[in-house]
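Residues in the sequence shown are numbered from 3 upward in steps of one, following this note's numbering.
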Amino acid sequence: MPPECDQPIIVVDQLTIGYGDTVVLEKLDFTVAAGGVFAILGGSGSGKSTLLRHLIGLEEPMLGRIAVRGAPPRRDAGAPAYGVLFQSGALFGSMTLFDNVALPLRQWTRLDRRAIETIVRSKLRLVGLEGFEHHLPAELSGGMKKRAGIARALALDAPLLFLDEPSAGLDPVSSAELDALILTLNKSLGMTTVIVTHELPSIFAIASDCILLDRGTRGIIARGNPLTLREARDDPRVHAFFNRTPQAA
3 MPPECDQPII
13 VVDQLTIGYG
23 DTVVLEKLDF
33 TVAAGGVFAI
43 LGGSGSGKST
53 LLRHLIGLEE
63 PMLGRIAVRG
73 APPRRDAGAP
83 AYGVLFQSGA
93 LFGSMTLFDN
103 VALPLRQWTR
113 LDRRAIETIV
123 RSKLRLVGLE
133 GFEHHLPAEL
143 SGGMKKRAGI
153 ARALALDAPL
163 LFLDEPSAGL
173 DPVSSAELDA
183 LILTLNKSLG
193 MTTVIVTHEL
203 PSIFAIASDC
213 ILLDRGTRGI
223 IARGNPLTLR
233 EARDDPRVHA
243 FFNRTPQAA
């Protein structure tokens with residue numbers, strides 16, 4: 003059952019993360035409200051993807067706490083409570099789209115073949131790939147691969163979707179179409195989406211809330227609606243990011 007609207011679906015409390023003895027981000031505090039599109043933003047090397055890996059349970063924090071739907075994010079404790087689209091799409095090249103989307107259903111459920119076929123076809127239809135069930139990933143465009151990855155992430159009907167740079171490598175039209183799909187899924191399914199991106203058009207088009215990470219301070223330097231932050235001028239780093247302008251030396 004999805005969380006109540008006034009309860010955050012993700013809670014991050016005094017989180018410090020990194021690799022070995024290297025601290026990438028420290029003392030992070032933020033929550034993600036249910037039902038919106040939340041963006042994790044920042045320049046190159048700011049720790050966006052590192053934070054995402056911790057949120058989905060691929061890495062253990064150095065210090066602090068992460069709660070996803072009230073529990074630590076562990077992907078080895080039964081069926082995942084969320085879907086993930088990695089930057090490359092991470093489709094298995096030797097498997098058809100049907101088998102790629104069916105994979106989590108076969109792994110985590112006891113549904114019979116007919117039920118799995120019904121679900122897979124409905125998910126592919128949802129992302130505009132009806133009729134492509136028997137195609138291999140190599141036969142698809144970049145945008146179609148991203149759509150197929152989203153279909154697989156939605157296979158288990160998790161209420162939370164993580165997207166890692168979904169527009170990376172796409173042309174402007176395909177990127178805009180993907181943005182529209184993300185918004186449609188967010189509204190029609192009532193799901194929560196957490197997206198890592200640096201694409202300003204996508205940020206302004208789909209994100210309702212965000213955090214901006216800073217490599218120098220190893221923390222969060224801004225939080226709020228991206229359209230509001232674009233107009234803010236109290237921090238030159240924030241203004242430079244959202245307006246794509248160079249900072250003064």
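Glycine included, every Cβ here is placed at the ideal spot set by N, Cα and C.
Residue from the options whose Cα sits closest to the Cα of residue i
i           : options              : result
residue 228 : 67, 214 and 54       : 214
residue 97  : 235, 142 and 34      : 142
residue 202 : 190, 241 and 235     : 241
residue 55  : 27, 23 and 36        : 27
residue 233 : 247, 221 and 220     : 247
residue 47  : 73, 59, 25 and 57    : 25
residue 88  : 186, 200, 151 and 34 : 151
residue 245 : 200, 115 and 220     : 200
residue 219 : 187, 35 and 45       : 45
Same chain, Cβ closer than 7 Å to residue i, five either side skipped, listed in chain order
i           : result
residue 126 : 99, 103, 132, 134, 135 and 153
residue 204 : 169, 177 and 181
residue 83  : 70, 71, 160 and 162
residue 51  : 166 and 198
Spatial distance of residue i from residue j (CA atoms)
i           : j           : result
residue 66  : residue 16  : 5 Å
residue 95  : residue 237 : 45 Å
residue 194 : residue 183 : 14 Å
residue 117 : residue 23  : 48 Å
residue 108 : residue 124 : 16 Å
residue 235 : residue 243 : 11 Å
residue 206 : residue 112 : 41 Å
residue 35  : residue 57  : 15 Å
residue 73  : residue 64  : 17 Å
residue 179 : residue 173 : 10 Å
residue 191 : residue 221 : 32 Å
residue 119 : residue 189 : 25 Å
residue 115 : residue 187 : 26 Å
Where the alpha helix (DSSP H) containing residue i begins and where it ends
i           : result
residue 187 : 174-191
residue 85  : No alpha helix (DSSP H) holds residue 85; the beta strand (DSSP E) holding it covers 85-87.
residue 144 : 144-155
residue 162 : Element bounds for residue 162: not the alpha helix (DSSP H) but the beta strand (DSSP E), 162-166.
residue 229 : 228-233
6 Å Cβ shell around residue i - same chain, five flanking residues per side excluded
i           : result
residue 85  : 155, 156, 160 and 163
residue 226 : none
residue 212 : 41, 43 and 228
residue 14  : 30, 32 and 68
residue 171 : 144
residue 122 : 100, 103 and 104
Proximity test, residue i beta-carbon vs the ligand GTP heavy atom, cut-off 6 Å
i           : result
residue 154 : This structure lacks the ligand GTP; in fact it carries no ligand of any kind.
Contact check, residue i vs residue j, beta carbons under 7 Å
i           : j           : result
residue 129 : residue 149 : yes
residue 197 : residue 165 : yes
residue 75  : residue 49  : no
residue 71  : residue 11  : yes
residue 208 : residue 231 : no
Where the beta strand (DSSP E) containing residue i begins and where it ends
i           : result
residue 138 : It is not in any beta strand (DSSP E) - residue 138 carries neither H nor E in the DSSP assignment.
residue 19  : 10-21
residue 34  : 24-35
8 Å CB neighbourhood of residue i in its chain, flanking five on each side removed
i           : result
residue 210 : 38, 39, 40 and 227
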